[in-house]
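Numbering-wise, the sequence shown is residues 45 to 422 according to the working numbering.
Below: the structure, in structure tokens.
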Amino acid sequence: MLIGVVAETDPLETRVAASAETVKKFVALGAEFVVQHGAGLSAGVTDADYQGAGARMAPAAEVLSSADVLLKVRRPSGMELTQIKRGALVVAIMDPYGHGPAIEAMAKAGVDAFAMELMPRITRAQVMDVLSSQANLAGYRAVIDAASEYGRALPMMMTPAGTVPAAKFFIMGVGVAGLQAIATARRLGAVVTATDVRPATKEQVESLGAKFVAVEDDEFKQAETSGGYAKEMSAEYKAKQAALVASHIAKQDVVVTTALIPGRPAPRLITADMIQSMRPGSVIVDLAVERGGNCELAKAGELVTTSGGVKIVGYSSVTRLAATASSLYARNLYAFVETLIDKASQSLKVNWDDELVKATCLTRDGAIVHPNFQPKPE
Numbered sequence: 045m046l047i048g049v050v051a052e053t054d055p056l057e058t059r060v061a062a063s064a065e066t067v068k069k070f071v072a073l074g075a076e077f078v079v080q081h082g083a084g085l086s087a088g089v090t091d092a093d094y095q096g097a098g099a100r101m102a103p104a105a106e107v108l109s110s111a112d113v114l115l116k117v118r119r120p121s122g123m124e125l126t127q128i129k130r131g132a133l134v135v136a137i138m139d140p141y142g143h144g145p146a147i148e149a150m151a152k153a154g155v156d157a158f159a160m161e162l163m164p165r166i167t168r169a170q171v172m173d174v175l176s177s178q179a180n181l182a183g184y185r186a187v188i189d190a191a192s193e194y195g196r197a198l199p200m201m202m203t204p205a206g207t208v209p210a211a212k213f214f215i216m217g218v219g220v221a222g223l224q225a226i227a228t229a230r231r232l233g234a235v236v237t238a239t240d241v242r243p244a245t246k247e248q249v250e251s252l253g254a255k256f257v258a259v260e261d262d263e264f265k266q267a268e269t270s271g272g273y274a275k276e277m278s279a280e281y282k283a284k285q286a287a288l289v290a291s292h293i294a295k296q297d298v299v300v301t302t303a304l305i306p307g308r309p310a311p312r313l314i315t316a317d318m319i320q321s322m323r324p325g326s327v328i329v330d331l332a333v334e335r336g337g338n339c340e341l342a343k344a345g346e347l348v349t350t351s352g353g354v355k356i357v358g359y360s361s362v363t364r365l366a367a368t369a370s371s372l373y374a375r376n377l378y379a380f381v382e383t384l385i386d387k388a389s390q391s392l393k394v395n396w397d398d399e400l401v402k403a404t405c406l407t408r409d410g411a412i413v414h415p416n417f418q419p420k421p422e
């Protein structure tokens with residue numbers, strides 16, 4: 045049983061899929077572990093760290109061609125797929141929605157691909173929840189980025205020269221990222237408000253010392269799926285909520301947007317007119333920018349400054365917390381892959397009927413097997 049890790053091919057991706065800690069745990073399960081030279085450097089993990097944990101180092105081509113299980117942060121590139129051996133298990137954040145050709149390519153390459161972001165939100169899978177582990181850090185980093193770009197102090201300060209008012213933060217979308225953003229902004233002394241379409245989040249927001257802002261009508265009370273995700277709201281509700289949000293945003297110093305709906309483009313929450321209403325020096329941090337963005341003028345990987353002096357941050361958050369993000373992600377992967385290993389024989393033994401396997405397996409034996417991504421008949 046050979047488990048491999050390679051450096052990510054995306055030049056902006058600084059995370060790595062294994063830590064020295066998880067390598068040591070895999071080796072204890074009887075696995076041989078091989079890592080590409082330099083794969084962990086951008087995340088603060090040296091080759092010596094991996095070797096000390098029991099891994100051996102090798103060129104990328106050797107890792108790809110020999111690994112029975114390949115651990116990655118992002119799905120394999122087309123070039124990597126030409127080198128991965130058929131029948132290998134590939135476990136990564138696959139970003140499958142809207143990327144049908146990439147899923148088909150993995151099926152044609154004969155890999156058994158598992159998408160970690162499709163992990164069901166059940167008790168036994170909490171330790172495998174990559175969305176939560178990474179979003180938690182994204183919410184924290186969003187506030188740090190906002191504080192860096194905002195040209196004023198965040199907490200109220202009473203000085204001999206006068207009082208400095210506390211900055212006003214508005215968090216849009218109160219999932220894991222949003223809750224961490226609220227907590228971080230509060231710790232830094234800001235006055236925080238937040239909004240979400242799910243009624244259950246109101247109590248969570250208020251428990252963190254922030255004020256909840258939303259149109260709380262009958263539709264709002266039904267706006268959550270059984271899985272805990274936000275539902276798509278009606279046009280009427282969106283109009284009412286937009287009017288409330290527009291008036292609120294005009295008074296804010298910092299807005300952090302985190303709203304995402306699985307399988308859909310990011311909902312547009314902030315229009316150009318709303319941005320124009322904000323004071324010069326205000327900051328917007330769009331955590332959904334890679335999915336099209338919650339903010340109309342946001343650009344992925346860029347800092348946009350409008351003619352009115354509003355800064356819109358579109359940087360990736362977790363890739364700039366690579367060491368911590370990699371450590372948590374590696375633990376998520378270990379917790380899942382451990383369930384695919386037979387402890388007695390110290391070999392791979394995938395239970396294809398396990399609910400975790402069924403929920404995350406995209407491709408198997410040369411075919412797309414996940415029902416949500418089956419090619420539609422013409």
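Even for Gly, the Cβ is constructed at its ideal location relative to N, Cα and C.
All figures in this text were calculated on a predicted structure; none of them were measured in a lab.
* To do: Tell me whether residue 383 sits in a helix, a strand or coil according to DSSP, three-state version.
  => Looking up residue 383 in the sequence shown gives position 339. Three-state result, residue 383: helix.
* Asked: Which partner residues does residue 76 have in the DSSP bridge list?
  -> On the sequence shown, position 32 is the one that residue 76 refers to. DSSP lists 46 as partners of residue 76.
* Cβ shell of residue 151 (< 7 Å), same chain only, five flanking positions each side left out -> The residue given as residue 151 occupies position 107 in the sequence shown. Answer for residue 151: 407, 410, 411 and 412, listed in chain order.
* **Nearest residue (CA-CA) to residue 55, options 136, 121 and 46** => Within the sequence shown, numbered from 1, the residue matching residue 55 stands at position 11. The shortest C-alpha separation from residue 55 is found at 121.
* Asked: Which residue from 374, 83 and 148 puts its Cα closest to that of residue 417?
  -> As a working mapping, residue 417 is identified with position 373 in the sequence shown. Its Cα nearest to that of residue 417, the residue 148 stands out among 374, 83 and 148.
* Asked: On the three-state DSSP scale, how would you describe residue 257?
  -> Against the sequence shown, residue 257 aligns to sequence position 213. When secondary structure is reduced to three states using DSSP, residue 257 falls in the coil class, being assigned neither helix nor strand.
* residue 63 classed as buried or exposed, judged by whether at least 16 other C-beta atoms fall within 10 angstroms -> If you number the sequence shown from 1, residue 63 lands on position 19. Residue 63 should be labelled buried.
* Asked: Which two residues bound the contiguous beta strand (DSSP E) that contains residue 206?
  -> As a working note, residue 206 is residue 162 in the sequence shown. Its beta strand (DSSP E) spans residues 206–208.
* To do: Please confirm whether residue 238 and residue 222 have their CB atoms less than 8 Å apart.
  => The count along the sequence shown starts at 1 and reaches residue 238 at position 194. The count along the sequence shown starts at 1 and reaches residue 222 at position 178. A contact, by the Cβ cut-off of 8 Å.
* Do the segment 78–89 and the segment 156–167 touch if we need at least three Cβ pairs shorter than 8 Å? -> In this structure the segment 78–89 does not lie against the segment 156–167, because fewer than three pairs of beta carbons, one per stretch, are closer than 8 Å.
* Which residues in the same chain as residue 171 place their Cβ atom closer than 6 Å to its Cβ, once the five residues preceding and following it in sequence are excluded? -> In the sequence shown, the residue the question calls residue 171 occupies position 127. Once the five neighbours on either side are set aside, the close Cβ partners of residue 171 are 379.
* Start and end residues, beta strand (DSSP E) containing residue 406 -> As a first step, residue 406 must be located in the sequence shown, where it is residue number 362. Element bounds for residue 406: 405–408.
* To do: Using a threshold of 8 Å, state whether the C-beta atoms of residue 392 and residue 400 are closer than that.
  => Looking up residue 392 in the sequence shown gives position 348. Looking up residue 400 in the sequence shown gives position 356. Not in contact: residue 392 and residue 400 (Cβ atoms no closer than 8 Å).
* To do: Rank 405, 398, 381 and 403 by C-alpha distance to the C-alpha of residue 70 and give the top, closest one.
  => Translated into positions along the sequence shown, residue 70 becomes position 26. Answer by Cα proximity: 381.
* Length at least 3, wholly inside the segment 274–336: the beta strand (DSSP E) runs in chain order -> Whole beta strand (DSSP E) segments, 3+ residues: 298–301 and 327–330.
* Asked: With burial defined as no fewer than 16 other Cβ atoms inside 10 Å of the residue's Cβ, what is the status of residue 228: buried or exposed?
  -> Here residue 228 refers to the residue found at position 184 of the sequence shown. Residue 228 is buried by the Cβ-count criterion.
* Minimum C-alpha distance to residue 117 - residue among 296, 136, 355 and 107 -> Against the sequence shown, residue 117 aligns to sequence position 73. The residue with the shortest Cα to Cα distance from residue 117 is 136.
* **Own chain residues within Cβ distance below 6 Å of residue 342, not counting five before or after** => The sequence position of residue 342 within the sequence shown is 298, counting from 1. Around residue 342: 330, 333, 356 and 358.
* So does the segment 312–332 actually touch the segment 240–255, counting three or more Cβ pairs closer than 8 Å? -> Taking a contact to require three or more Cβ pairs closer than 8 Å, the segment 312–332 and the segment 240–255 do not qualify as touching.
* In the structure shown, what three-state DSSP assignment does residue 391 receive? -> Position 347 of the sequence shown, counting from 1, holds the residue named residue 391. Residue 391 sits in a strand when the DSSP states are folded into three classes.
* Asked: Are there 16 or more other CB atoms within 10 angstroms of the CB of residue 47, so buried, or fewer, so exposed?
  -> Residue 47 sits at position 3 when you count from the first residue of the sequence shown. Buried, because 16 or more other Cβ atoms sit within 10 Å of the Cβ of residue 47.
* **Three-state secondary structure assigned by DSSP to residue 363** => Locating residue 363 in the sequence shown gives position 319, counting from the first residue. Correct three-state label for residue 363: helix.
* Secondary structure of residue 152, DSSP reduced to three states -> Position 108 of the sequence shown, counting from 1, holds the residue named residue 152. Residue 152: helix per DSSP, three-state reduction.
* So, using beta-carbon positions, are residue 254 and residue 293 closer together than 8 Å? -> The sequence position of residue 254 within the sequence shown is 210, counting from 1. The sequence position of residue 293 within the sequence shown is 249, counting from 1. No; because the gap between Cβ atoms is not below 8 Å, this pair is not in contact.
* **Extent of the continuous alpha helix (DSSP H) to which residue 264 belongs** => For the purposes of this step, residue 264 is taken as the residue at position 220 of the sequence shown. Start and end: 262–265.
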